[in-house]
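Trainee: Submitted below is the structure of interest, expressed as structure tokens.
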Amino acid sequence: MSNSRDDFTQATIQKLSTNVNNICSNPECRIITKSAKTDAFDKTTIIGVAAHIHAAAKGGPRYKGEMSSEERKAEGNGIWLCQNCARLIDVEPEKYTAELLYEWKKQACEFARNSLGKKLPKLSDNYSNQEPSISIELDYIDLTNGYVVYNKIDRAVVHSFLHEYYETKSNKINCVVPLFEKQLKEFKENNNLDIIQRNYAINWYEDAIDKTQNKVSFILNMILSKEFINFFEIFINKIPSLKNIIDITTETLNYSLIPEYRGFPALGKKFDIWRTIKPKLSTAIYLDKCDIEVLLKNVDLNNVKDLAFGAGWRNLGDINDYNIKLKALSSILFSVYFDSVNKENYKSIQLMDLLPIHDWHIGLG
Numbered sequence: 071m072s073n074s075r076d077d078f079t080q081a082t083i084q085k086l087s088t089n090v091n092n093i094c095s096n097p098e099c100r101i102i103t104k105s106a107k108t109d110a111f112d113k114t115t116i117i118g119v120a121a122h123i124h125a126a127a128k129g130g131p132r133y134k135g136e137m138s139s140e141e142r143k144a145e146g147n148g149i150w151l152c153q154n155c156a157r158l159i160d161v162e163p164e165k166y167t168a169e170l171l172y173e174w175k176k177q178a179c180e181f182a183r184n185s186l187g188k189k190l191p192k193l194s195d196n197y198s199n200q201e202p203s204i205s206i207e208l209d210y211i212d213l214t215n216g217y218v219v220y221n222k223i224d225r226a227v228v229h230s231f232l233h234e235y236y237e238t239k240s241n242k243i244n245c246v247v248p249l250f251e252k253q254l255k256e257f258k259e260n261n262n263l264d265i266i267q268r269n270y271a272i273n274w275y276e277d278a279i280d281k282t283q284n285k286v287s288f289i290l291n292m293i294l295s296k297e298f299i300n301f302f303e304i305f306i307n308k309i310p311s312l313k314n315i316i317d318i319t320t321e322t323l324n325y326s327l328i329p330e331y332r333g334f335p336a337l338g339k340k341f342d343i344w345r346t347i348k349p350k351l352s353t354a355i356y357l358d359k360c361d362i363e364v365l366l367k368n369v370d371l372n373n374v375k376d377l378a379f380g381a382g383w384r385n386l387g388d389i390n391d392y393n394i395k396l397k398a399l400s401s402i403l404f405s406v407y408f409d410s411v412n413k414e415n416y417k418s419i420q421l422m423d424l425l426p427i428h429d430w431h432i433g434l435g
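In structure tokens, the structure reads:
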């Protein structure tokens with residue numbers, strides 16, 4: 071009984087690698103798999119492999135008995151992957167089917183073909199001519215006895231960031247979350263962990279870092295735009311100052327980043343706010359007992375229940391209290407961000423078109 075494998079020839083391996091520009095064909099990975107060695111430019115470091123779509127031998131993942139030996143070791147039965155992804159597809163063959171792998175291969179080859187003749191950025195563009203960035207460190211999350219604990223954003227951190235922003239006027243904002251960075255580093259350096267668990271954790275933290283970076287830079291650039299600064303006075307009915315901008319930035323980051331801030335009962339009673347004209351956005355704010363007393367006084371009502379149903383709804387422009395307006399504006403900014411990234415049709419709408427205070431209502435839905 072033969073235990074021989076139908077392995078690829080070196081020529082086939084080279085072709086599989088070249089056809090995808092030495093990039094892993096997994097669309098969720100896409101890492102570069104070949105480069106010169108650090109200490110020897112005449113030698114090559116390779117972290118990619120030519121993987122079989124249908125197994126090279128009987129009993130292997132996705133084995134197809136009716137294939138001939140020549141078909142099994144042909145270029146058509148191969149896909150170029152990094153070492154991690156090559157192992158992953160063989161550990162979970164039910165998930166990574168032959169049909170899926172053929173689709174990956176098709177997409178990777180099409181990308182390489184469409185990239186042919188296109189100019190890459192100059193090395194100087196990548197290193198020496200980058201726009202200077204400013205960083206904001208948000209240590210708002212920690213692990214205590216295995217539980218995730220969220221803390222309010224430190225106003226001092228926001229103050230320091232804004233001071234640097236107005237000094238440099240750089241729109242390139244780098245958001246740093248120390249816990250995420252620390253955990254990611256630990257998983258990357260832990261070679262004793264199961265490779266699937268390790269890759270899952272690395273991908274999770276990289277994704278968390280990217281999402282936080284995108285959210286924070288979007289919100290900060292929105293708040294720091296000239297249009298928003300000009301509008302702030304109209305919405306809040308105060309001439310904007312550094313303190314006001316610190317207030318709105320801190321409140322919006324808290325609302326946007328901390329889950330408990332948008333629904334933890336201790337924060338107070340939930341009130342709905344919504345736009346009455348298109349595009350119709352809706353969000354919520356949470357008011358404590360003192361806030362509610364001020365709200366009722368502003369809208370000339372005796373009981374919070376009177377804000378329920380259509381007859382009790384009020385125009386947000388009727389509210390004069392700074393803290394309530396600040397919470398409302400922070401919540402609105404988050405809703406603008408959320409809809410901008412989740413609904414394609416909102417991407418073409420200008421921020422200023424969404425913010426006029428008299429387009430918004432407040433009440434108990």
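Going letter by letter, the sequence shown gives residues 71 to 435 in our numbering.
Ideal placement from N, C-alpha and C gives every residue a C-beta, glycine not left out.
Kindly indicate the opening and closing residues of the alpha helix (DSSP H) around residue 157.
Mentor: Looking at the DSSP string, the run of the alpha helix (DSSP H) that includes residue 157 is 153-161.
Trainee: Just verifying my parser: in three-state terms, what is the DSSP assignment at residue 342?
Mentor: Residue 342 falls in the strand class under three-state DSSP.
Trainee: Checking the sheet assignment: what are the DSSP bridge partners for residue 433?
Mentor: Answer is 342.
Trainee: Sort 122, 341 and 83 by Cα distance to residue 355 and report the nearest one.
Mentor: It is 341 whose Cα lies nearest to the Cα of residue 355.
Trainee: For residue 143 versus residue 77, is the C-beta distance shorter than 8 Å?
Mentor: It is a contact, given that the beta carbons lie within the stated cut-off.
Trainee: Would you call the stretch 359-376 in contact with the stretch 316-330, where contact means no fewer than 3 C-beta pairs closer than 8 Å?
Mentor: At 8 Å Cβ cutoff, the stretches do not touch.
Trainee: Would you list the one or two residues that DSSP bridges to residue 244?
Mentor: Its beta-bridge partners are 205.
Trainee: Starting from residue 182, follow the alpha helix (DSSP H) in both directions and report where the run begins and ends.
Mentor: 168-185 is the span of the alpha helix (DSSP H), which, as asked, contains residue 182.
Trainee: Following the continuous alpha helix (DSSP H) through residue 287, name the residue where it begins and the one where it ends.
Mentor: Residue 287 -> alpha helix (DSSP H) spans 265-293.
Trainee: With three or more C-beta pairs closer than 8 Å as the rule, is the stretch 146-160 touching the stretch 90-100?
Mentor: With a cut-off of 8 Å, the stretch 146-160 and the stretch 90-100 count as touching, because enough Cβ pairs lie within range.
Trainee: Quick one: grab the DSSP three-state call for residue 385.
Mentor: Here residue 385 sits in strand by DSSP.
Trainee: Quick check on the burial criterion: 16 or more other C-beta atoms within 10 angstroms. Buried or exposed for residue 47?
Mentor: Within the shown structure, residues of the chain are numbered from 71 to 435, placing residue 47 beyond reach of any answer.
Trainee: Do you know how far the Cα of residue 434 is from the Cα of residue 385?
Mentor: For residue 385 and residue 434, the distance between alpha carbons rounds to 13 Å.
Trainee: Could you tell me the alpha carbon to alpha carbon distance between residue 228 and residue 249, rounded to whole angstroms?
Mentor: Straight-line Cα distance between these residues: approximately 18 Å.
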